[in-house]
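In this note's numbering, the protein residues as written are 1367 to 1556.
Glycine included, C-beta positions come from ideal geometry on N, C-alpha and C.
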């Protein structure tokens, strides 16, 4: 028999009925997912392709006829990157918790197709978020041509819109999935 490093054998009591002994851990995974979903910034995911994430990143326009003060501290690009990372972090955490909940239900022989779809939606979110960050970094390389910078800016905006679309999709699917994930019926044994 081959044993993978990640497959730790169950203690003898749990080996007799693994699904029953793992029900408390499954319930904890589902509870953590429900709690994380409650903390997501739903107000920004209320509409698809809203572009709100892009509009907040622009510099505040200066008053006509005034010279803005010299900037001290982090650069505008660093500030924008930090703002986007802070926006994406709870959603990336939710994806991890969706995966944990899905895997826990699979161990208890109760696979959930709805969690798989939520994982796919949050996977799209993560891919778009990572792509946008990579494109933004590429756009800041020295000696970039204006045409290339323009194209990278368009790609970045498109990826951020994909992030918002994935959040919107998650927001539309979550209310349908959430009631089935909490309570004793969510992890009841067969």
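CA nearest to the CA of residue i, picked from the options
| i | options | result |
| --- | --- | --- |
| residue 1395 | 1466, 1409 and 1461 | 1466 |
| residue 1447 | 1510, 1528, 1503 and 1524 | 1503 |
| residue 1544 | 1472, 1478, 1458 and 1390 | 1478 |
| residue 1387 | 1531, 1408 and 1470 | 1470 |
| residue 1523 | 1497, 1513 and 1540 | 1497 |
Cα-Cα separation between residue i and residue j, rounded to whole angstroms
| i | j | result |
| --- | --- | --- |
| residue 1501 | residue 1515 | 10 Å |
| residue 1546 | residue 1393 | 12 Å |
| residue 1509 | residue 1401 | 46 Å |
| residue 1506 | residue 1474 | 48 Å |
| residue 1490 | residue 1499 | 14 Å |
| residue 1536 | residue 1488 | 7 Å |
| residue 1492 | residue 1529 | 8 Å |
| residue 1517 | residue 1534 | 26 Å |
| residue 1406 | residue 1390 | 25 Å |
| residue 1532 | residue 1511 | 31 Å |
| residue 1483 | residue 1542 | 12 Å |
| residue 1472 | residue 1485 | 14 Å |
| residue 1521 | residue 1513 | 12 Å |
| residue 1404 | residue 1519 | 33 Å |
| residue 1453 | residue 1525 | 14 Å |
| residue 1457 | residue 1540 | 13 Å |
| residue 1468 | residue 1449 | 30 Å |
| residue 1445 | residue 1527 | 19 Å |
Buried versus exposed call for residue i [16 or more other C-beta atoms within 10 Å across all chains shown]
| i | result |
| --- | --- |
| residue 1451 | exposed |
| residue 1455 | exposed |
| residue 1494 | buried |
| residue 1409 | exposed |
| residue 1538 | exposed |
| residue 1460 | buried |
| residue 1424 | Any answer about residue 1424 is weak, because its pLDDT of 49 lies below 50 and its placement is not dependable; what the coordinates show is given next. Under this definition residue 1424 is an exposed residue. |
Assumed close pair residue i, residue j - CB separation to whole angstroms, cut-off 8 Å
| i | j | result |
| --- | --- | --- |
| residue 1398 | residue 1481 | The pair is not a contact, with the Cβ atoms about 13 Å apart (cut-off 8 Å). |
Extract the residue ranges of the alpha helix (DSSP H) inside the segment 1456-1511, only unbroken runs of 4 or more that lie entirely within it.
If we require 4 residues or more, the alpha helix (DSSP H) runs fully inside the segment 1456-1511 come out as 1479-1505.
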